[in-house]
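Chains as they are written, first to last, in the working numbering: chain A, 905 to 1137; chain B, 3 to 219. Structure first, commentary second.
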Amino acid sequence: MIRKTVANVEEALEGVKDGMTFMLGGFGLCGIPENAIAALVKMGVKDLTCISNNAGVDDFGLGLLLHKRQIKKMISSYVGENDEFERQMLSGELDVELTPQGTLAEKCRAAQAGFPAFYTPAGYGTEVAEGKETREFNGKMYVLEEAFKADFSFVKAWKGDEAGNLIFKGTARNFNPAMCGAARITVAEVEELVPAGELNPNQIHVPGIFVQRIFQGKNYEKRIEQLTVRKVN
Amino acid sequence: MLDKNGIAKRIAKEVKDGYYVNLGIGIPTLVANFVRDDISVEFQSENGVLGMGPFPFEGEEDADIINAGKQTITTLPGASFFDSVTSFGMIRGQHVDLTILGAMEVAENGDIANWKIPGKMVKGMGGAMDLVASAENIIVAMMHTNRAGESKLLKKCTLPLTGVGCVKKIVTNLAVLDVTPKGFKLLERAPGISVDEIVKATEGNLIVEGDIPEMDI
């Protein structure tokens, strides 16, 4: 067994520098690497490029890094929940590359799986396709999209073991699996870190080969963005 | 004239037995409330769930189980969770039978704009570009006119496009229309709405043939 465990978030973030490109898992605030984000805010690294489906909310998630102006560029599909983001974007302080959600996921997966690029129909005929190669297959038009290149991937899983194997819960899985192994170094934080052998190999969502560092996360807030409930009749 | 629930109720009639359906944010989300309970349908949410159920009872919500609108949800028997790549594989690979989404503008050739107002509103396209580029069966749910009273059914979209030539059917507060090679074809009127009112509220080419029945909802 190849051990991937590190003692804490500080050790997990070793090598993080100004100007780097990060992938961060999560959809909205669901399944985000809360510990890594908090540590990045504390470290004060800046001029970051962040690849993440969303940009958090004003006072949580990536919103915390935006608030301290640590992010130079965001690559996301939807940023509607963050007023500070919209302000920095419209004023030109923040460089933003809006990318269709399925394309964003696939650009991560392509990086993980060794594909330099792929064709997708998403965005054909729109401003997303401007300047990109297009090609017809079986009578339909497609856009050539390139794999991401990133320095670190920060992901969050429900359970993980010393070997770096990961299991996710519910819709907190989202972009996390595709980001594993898609950057030079993948850092996984988990709600429960267990010894190797305790997780059933049949149930692993991400094999440890895609993870370089894993640590036991703490103090998860797991904020709910839109609490919607029904009344008991 | 229909309200948002009325639009959702009319669209629900388009949902057939055995369909996997993706519902967008807004009016489309309401469609789930009106689907007949004697047919089998599964709702997909692109953040990674198939077999979405109703909102949870108070106190039973789980931060790890949400829909694409970031709302807490439940799952029904037979549900599954998956990652974003798999989710968009279902969409891009045309395994999802019906996509229902909102729009700011639709053009008579089926172009749709719903993600950006330059200089004013930039929220992003989310999964909309993937959905409209791939789905074979797309229904747009929207108001016929904007807040200023201007038509949202246009000859040509003025806002940045989400997809080209992809919308097949539109249900508004005034009418049900098909998008055909010759333009918008009027199929049904909303209760109490005349053909004339629909003609006035439609900027794009509107085809009216014969008697136009009132919606049965």
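All residues carry an ideal CB built from backbone N, CA and C; glycine is no exception.
Under the three-state reduction of DSSP, which class applies to residue i: helix, strand or coil?
i, result
"P1099/A", "coil"
"N7/B", "helix"
"M131/B", "helix"
"G26/B", "coil"
"A65/B", "coil"
"K171/B", "strand"
"L1131/A", "coil"
"E1066/A", "coil"
"T1075/A", "helix"
"M905/A", "coil"
"A187/B", "The sequence given here has Lys at residue 187/B, not Ala. Strand at K187/B."
"C1012/A", "helix"
"M217/B", "coil"
"I220/B", "Missing from the structure shown is residue 220/B; chain B here goes from 3 to 219 and no further."
"G929/A", "coil"
"I13/B", "helix"
"G1112/A", "helix"
"E1050/A", "strand"
"F57/B", "coil"
"D1055/A", "strand"
"K1060/A", "strand"
"E152/B", "coil"
"M1083/A", "helix"
"E918/A", "coil"
"V37/B", "coil"
I'd like to know if residue i contacts chain B, where contact means its C-beta is closer than 8 Å to some C-beta of that chain.
i, result
"I899/A", "Any question about residue 899/A goes unanswered here, given that chain A covers just 905 to 1137."
"S1057/A", "no"
"M993/A", "yes"
"L1002/A", "yes"
"Q1005/A", "yes"
"T1132/A", "yes"
"N980/A", "According to the sequence as given, residue 980/A is Ser; it is not Asn. Closer than 8 Å to some Cβ of chain B, the Cβ of S980/A qualifies, so yes."
"R1013/A", "yes"
"A1009/A", "yes"
"Y1028/A", "yes"
"E990/A", "yes"
"P1020/A", "no"
"I1118/A", "no"
"A1051/A", "no"
"N1078/A", "yes"
Which residue from the options puts its Cα closest to that of residue i?
i, options, result
"R998/A", "D99/B, A81/B and V124/B", "Checking the displayed sequence, the identity of residue 998/A turns out to be Leu instead of Arg. Of D99/B, A81/B and V124/B, the residue nearest in Cα terms is V124/B."
"C168/B", "K1073/A, K1044/A and K1126/A", "K1044/A"
"N1078/A", "Q992/A, K976/A, V910/A and R1013/A", "R1013/A"
"F890/A", "Y1023/A, E1031/A, G1035/A and A1051/A", "Nothing in the structure corresponds to residue 890/A, since chain A is present only between 905 and 1137."
"I68/B", "R1088/A, T1075/A, N1123/A and Q1116/A", "T1075/A"
"K1063/A", "S981/A, S1057/A, F1072/A and N1123/A", "F1072/A"
"M144/B", "K18/B, P215/B and L176/B", "L176/B"
"T1132/A", "I75/B, N24/B, T31/B and T174/B", "I75/B"
"L25/B", "G55/B, I41/B, L4/B and V210/B", "G55/B"
"A115/B", "V178/B, A70/B, C159/B and V181/B", "C159/B"
"I200/B", "I141/B, R12/B, S153/B and V181/B", "S153/B"
"E1031/A", "T164/B, K18/B and D19/B", "T164/B"
Between residue i and chain A, is there a C-beta pair that is closer than 8 Å?
i, result
"N49/B", "yes"
"K6/B", "no"
"F45/B", "no"
"P183/B", "no"
"S196/B", "no"
"L163/B", "yes"
"I140/B", "no"
"V124/B", "yes"
"G26/B", "no"
"A228/B", "Any answer about residue 228/B is impossible in this case: the structure gives chain B only from 3 up to 219."
"S206/B", "It is worth fixing the name first, because residue 206/B is Gly in this sequence and not Ser. False, the Cβ-Cβ gap to chain A never drops below 8 Å."
"S82/B", "no"
"D85/B", "yes"
So, is residue i buried or exposed, given that buried needs 16 or more other C-beta atoms within 10 angstroms?
i, result
"V1136/A", "exposed"
"Q96/B", "exposed"
"D132/B", "buried"
"A1021/A", "exposed"
"L1008/A", "buried"
"R991/A", "exposed"
"T1038/A", "exposed"
"M905/A", "exposed"
"E78/B", "The displayed chain sequence assigns Leu, not Glu, to residue 78/B. Exposed, by the Cβ-count rule."
"I93/B", "buried"
"K1011/A", "buried"
"N111/B", "buried"
"P86/B", "The residue you asked about is not Pro; residue 86/B is Ser in the sequence shown. By the 10 Å Cβ count, S86/B comes out buried."
"Y1028/A", "buried"
Sorry if obvious, but does the Cβ on residue i come closer than 7 Å to a heavy atom of the ligand NAP?
i, result
"A1061/A", "For the structure depicted, the ligand NAP is absent and the ligand set is empty, with no information on it obtainable."
### Task
Enumerate, from N- to C-terminal direction, the unbroken beta strand (DSSP E) stretches of 3 or more residues contained entirely within the region 937 to 1009 of chain A.
952 to 955, 975 to 980 and 999 to 1002
### Query
Can you give, in chain order, each stretch of the beta strand (DSSP E) that sits fully within the region 69 to 125 of chain B and has at least 3 residues?
77 to 83, 100 to 103 and 107 to 109
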